[in-house]
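The sequence shown lines up with residues 63 to 1115 when you count with this note's numbering.
In this text, a Cβ means the ideal position worked out from N, Cα and C, and glycines have one as well.
The structure presented is a predicted model; accordingly, all values stated were derived computationally and were not measured.
First comes the structure, then the notes that go with it.
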Amino acid sequence: MTKSENKIESLYARFENPPGEFSPVPFLFLNLNMDLKTTESIFKELIDKGIMGVVLHPRTGLTVKFASDEFWRRLVAIVNKAKELGMTVWLYDDYNWPSGTAAGRVIQEKPDFAASGLVFRYGKSVEKWEELIGAYSIKKDVFKYSSDIPKGKKSLLVTARRMTDSNFCQTGAPWFISSNWGALDLMNPDATDHFIGIVYSGFEKHLKKYFGNPIVGVFTDEPEHYRSFPWTKTFAGHFTNSFGYDIVGYLPSLIKDVGDFRKVRRDYYSLVTELTRKSYYERLRLWAERNGLLLTGHLGEEDFLEKFPHSHGSPYSVLNEMHVPGTDYLGAGHGYIKDEILSGFPNFNPKLVSAAARTKKSGRILCEIWGGSGWGYGPRSLKGSIDWGAALGINLFVPHAVHTSLMGLRKRDFPPSHFVQQPFWRYYKIFADYISRVSLITSTARRATKALLLFPITSLWHETTGMGILTKKGAEFINGIKEITDNLIRDQRNFDYLFEEDIESETTKIAPGIVFVGKSIYDTIIVPEVDRITKPTEDFLTNAEENGIRVIYMGGPSRFEKNDRDEDDLTNSIKKTAIRSIDDLIDYLKLVNVTSPVIEGKNSTDFVSRQMCYGQSDIYFFAYLGVERFKGTLTVRERGIPELWNPETGERYGIADFELVKKGLKFKIEFEPGESKFYVIHDDITNSKKGRQFFPEKKIGEQFLPRKWEVLYKKDNMMRIDNWRLIRSSILPSFPNLHKLWSDDRYGFRTKLSICAIRLLIEALEPFIGLRSRIRYAPFKSMDKDFKLTDIAAKLFGIETRGLGLYQKFDLIKDAAMYLGVPLTISMPPPGSEYEIVSYFLVDHIPDKIHLVWEDNGEPTEIYINGQLISDDSEPFFLWDRSNRRANLKNYLRRGKNRIGIKSRQPGFPTIPPILHGIEPIVITGNFRVSKNSITRTKNRTTTLYWGEKGTGNYSGTVAFRCELKIPKRFNGMKGILDLGDVRETVRVVLNGERVDVKLWPPYRFDVTDYIIEGVNSLEICVSNTAENLLGTPILSGIVGDPKLTFYGQKFR
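Take a look at the structure:
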């Protein structure tokens, strides 16, 4: 066996049994008391499911004060236990997010270290919390600066304002002080040093002996310049030293095309970038390097391209300070279907961080994934995110999250929880192994990418007027980048971004026919349509062309005809042959064979792929994100022997039917929706498992399964009581006076008028409808849905949200709801209040086994059924959390209407939506069904294989469907395929007492050839759903459609 063959065989051995270093590394939410026994049990459960690393993340609900002596003592014990168990640990560097304030302590101790930003408005006065930077009178293209506000004139005022309302995420703990709100000033090195002194020095003092094992690095989360034009007290001085003029005299050029605005904006944002990089990210990196650790994390709002200038300056520059660059992908799904409300431009960020990783030794590229997707997404939906991310460069996945506790508001802390609360958790090792295999290959094999797409950040700086608002040229530039990116990805044209920082870096070199960026090699550069580029960029492109590198200009020849050199060293003087359309670009790349492969067939653009090299072998990863079965051909330019590696099972198969074509290999491919495969092209196929690759020759017949099934619920049925009436509360919600609304400059006149009219109507009707006394259990909705509703509400009330971030939009709507006088976005009952609530439910049948389950949150609680106290006669029980208790209801119920009353007290610490205090689940469990809102007798047989509607809407768990199949003699010896169609979510098939297989995602087809017998067969199908039915909104679960058993004449290759 050659050295190359040894290498690929060694890789396959690891692929078959993936090492723990490539497993998913979830956030482990330290969201209760950091109890060692509890955490140890979590570690063991994770290890059992193939998860060998965690990010220890102090989170909402933590009862131990962050960075206190007790916190450090408990954290040391947890890390030591992780080491004993062989796990790796990343340390999250704050409580909640964004990183930088040490749970508000930095701001409490040093108020000047809070972030501030410039605010532009017309007026005659300055608010007491603002600092006047300058006043300007503007006529056409001319403005006049004054250090004071001219008397009698309404000037353009520029002020510095502390952004105290931009850090809402750091609430939600009993020890938190509400006055600590504020984000860190990322451009102030003293502020960062203070943060390091509290948190990072704490790591060093208490955990240094664990650095390297098990602690491998630190995670900094969502630093960003929030809601403003970034500013710091020393900014003007730094600016003058760097550029030789006083920025204060030219600030209107940031928002208006007046004066030499391009130069002012470029200088301003380049300094924002440099101060942010050196003051925050570089300091964290240097600390990590001194301690032998890796720095990772991700930026805030990183996939909203139009917000890059004010959020980060240049995100690429700051990401380059991380040893393991990272990104965040909120929600579920993938970049082909993601709504831009939540994710901006999702296809950009994995490519951005992949580019930042080109010069890093670690070879890992991180993605925090699935945060806020809600309880209703299982592996079937989540796998698409993994496949899409892996194809675009991600190889270190951080699932959001493992919740230590779901008690109280914790269950609304941007779920899901990838843990025991999910019914499909028992099968999670299959998912973890899948992620590990994909991460192994994409981490180990070298990317084979030949094309670069230029992203000139200065072109964006020139055309922004701040807060994510772009000029027409700026919008055209961003849309052009998006169009090129999306089309290249969908056409399997592998490429990387080229940034101006790369052009100026020593790691980028031009050689004859080749551009080196770090260890990556390219031969083609695509230049998007831009109005101007910098002189260094023009020189680089010219040098590249002179060295035989293919440079493609988008936009058409006339785009570059004007010869106009600005004194600020910008140019639009390039005169080159250019490509006018994206279709022409794709055709040209195919013609010159830039990047491979070629997929032919209907819906071929629904694939996402990654091309790699390993030794002398070429590896392709394909994931099909379409919704219809795909049949077509794949052509790759390499010649050799093709194999298929299955990342779901770890098996490998030889591909017998292939042909040599002029430009490589061509063979047929078939993909089911959501399916993914590796194709390996190499010289040796000796060890391939060719025997099990089946090509159906002819369908002999099919048999639909019986219409009636025996049904067995693996848990008791569940009925959640949702609707309550507030009888009394010691604290009532306080709504702001409407006079305050009229002074709130965030809302326009029409919005204020609408809010006032509705508020007055609500006040008039409240005595009759009791709107404020009606309380419901409020489940977490996916962030996609929440922010869509936010946008709808904003449009309905005419609220301007341009330039605002996700959380700021939500904040604006939250405050609007308060002005309306509706308790939609606050804790109800209010924090700290003693309250009494009542509800009613109907009982038609009282089963022998029936209980009430609730949470014991540590507050005094009394629960009454029909006036009788039951809470004193309860026992610990796990339904969705360790805090659950249950009481037997049999002796307290009566037929007909039953009353349930609860007296309790709400936790007293502050919260912000969507992580609010509220009425937590009150659930009746037992052997019953629900019909017309009444508890009735259960049924043991069914004609449907699904639930979630009538009778079992709140049931989260596993249901076994059983039947007998009579197989005729004519099918004896045939290949049998059991096709279950659409399954929600995971399914296990047992035939004649033997487990056939488990499927977590489509295709839900099972090869039952070796298990089926002639005559009567016993079939059991066990389906597990998600926690959405219990903790969220009931959804359809089970098998949707008509499953069937199909027989084929056997043919193996």
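Endpoints, alpha helix (DSSP H) assigned at residue i
i: Ile817; result: 811-831
i: Phe407; result: From DSSP, Phe407 is part of no alpha helix (DSSP H); its letter is neither H nor E.
i: Ser844; result: Element bounds for Ser844: n/a, residue is neither H nor E.
i: Leu788; result: Element bounds for Leu788: not the alpha helix (DSSP H) but the beta strand (DSSP E), 785-791.
i: Phe4; result: The requested residue 4 does not occur in the structure, where the chain is confined to residues 63 to 1115.
i: Arg552; result: 534-552
i: Arg46; result: With the chain covering 63 to 1115 only, the question about residue 46 has no answer from this structure.
i: Phe370; result: 370-374
6 Å Cβ shell around residue i - same chain, five flanking residues per side excluded
i: Ala856; result: Thr863
i: Ala417; result: Asp558, Tyr559
i: Gly1013; result: Arg991, Val992
i: Tyr439; result: Ala394
i: Lys871; result: Thr852, Thr863
i: Phe561; result: Tyr378, Phe517
i: Val326; result: Tyr312, Ser315
i: Met1117; result: Any question about residue 1117 goes unanswered here, given that the chain covers just 63 to 1115.
Own chain residues within Cβ distance below 7 Å of residue i, not counting five before or after
i: Ala949; result: His913, Leu914, Ile932, Ser933, Asp935, Ser936
Where the beta strand (DSSP E) containing residue i begins and where it ends
i: Trp1063; result: Premise fails: Trp1063 is in no beta strand (DSSP E) and is neither H nor E.
i: Met780; result: 779-782
i: Trp707; result: 703-707
i: Tyr378; result: Where Tyr378 is concerned, there is no enclosing beta strand (DSSP E), although the alpha helix (DSSP H) it sits in stretches over 377-381.
i: His744; result: 738-744
As assigned by DSSP and simplified to three states, the class of residue i
i: His465; result: strand
i: His396; result: coil
i: Arg420; result: helix
i: Arg1003; result: strand
i: His913; result: strand
i: Gln232; result: helix
i: Ala245; result: coil
i: Met880; result: helix
i: Pro120; result: strand
i: Gly1100; result: strand
i: Met149; result: coil
i: Gln673; result: strand
i: Ile113; result: coil
i: Phe578; result: strand
i: Trp134; result: helix
i: Ala510; result: coil
i: Phe205; result: strand
i: Ile984; result: coil
i: Gly1055; result: coil
i: Thr852; result: helix
i: Phe257; result: helix
i: Trp771; result: strand
i: Asn93; result: coil
i: Glu563; result: helix
For residue i: DSSP bridge partner residues
i: Asp1041; result: Arg1067, Lys1106
i: Asp319; result: Its beta-bridge partners do not exist; DSSP assigns none.
i: Val386; result: Thr358
i: Val1117; result: Here the chain comprises residues numbered 63 to 1115, so residue 1117 is not present and cannot be evaluated.
i: Phe281; result: Tyr154, Thr358
i: Ala949; result: Leu914
i: Met616; result: Ile641
Beta-carbon proximity list for residue i, same chain, < 8 Å, skipping 5 on both sides
i: Asn142; result: Tyr272
i: Ser240; result: Thr233, Pro972
i: Pro236; result: Thr125, Pro969, Gly970, Phe971
task = Evaluate contact between the region 148-165 and the region 122-134, counting only Cβ atoms and requiring at least three cross-stretch pairs below 8 Å.
result = Counting Cβ pairs under 8 Å, three or more are found: they touch.
inquiry  = Using 8 Å as the cut-off, can you tell me whether the region 705-721 makes contact with the region 738-745, which would need three or more C-beta pairs spanning the two stretches below that distance?
reply    = Cβ pair count under 8 Å is three or more, so yes.
Stretch pair the region 974-987 + the region 1042-1049: three plus CB contacts closer than 8 Å = Three or more beta-carbon pairs separated by less than 8 Å are not found between the region 974-987 and the region 1042-1049, which leaves the two stretches without contact.
query = How do the region 1000-1008 and the region 789-804 stand: do at least 3 beta-carbon pairs fall below 8 Å, yes or no?
reply = The region 1000-1008 is not in contact with the region 789-804.
query = Do the region 685-697 and the region 468-485 meet, that is, are 3 or more Cβ pairs less than 8 Å apart?
reply = The region 685-697 and the region 468-485 do not touch, with fewer than 3 CB-CB distances between them shorter than 8 Å.
ask   = Counting Cβ pairs, one atom from each stretch, are 3 or more of them under 8 Å apart for the region 1056-1070 and the region 1026-1036?
value = At 8 Å Cβ cutoff, the stretches do not touch.
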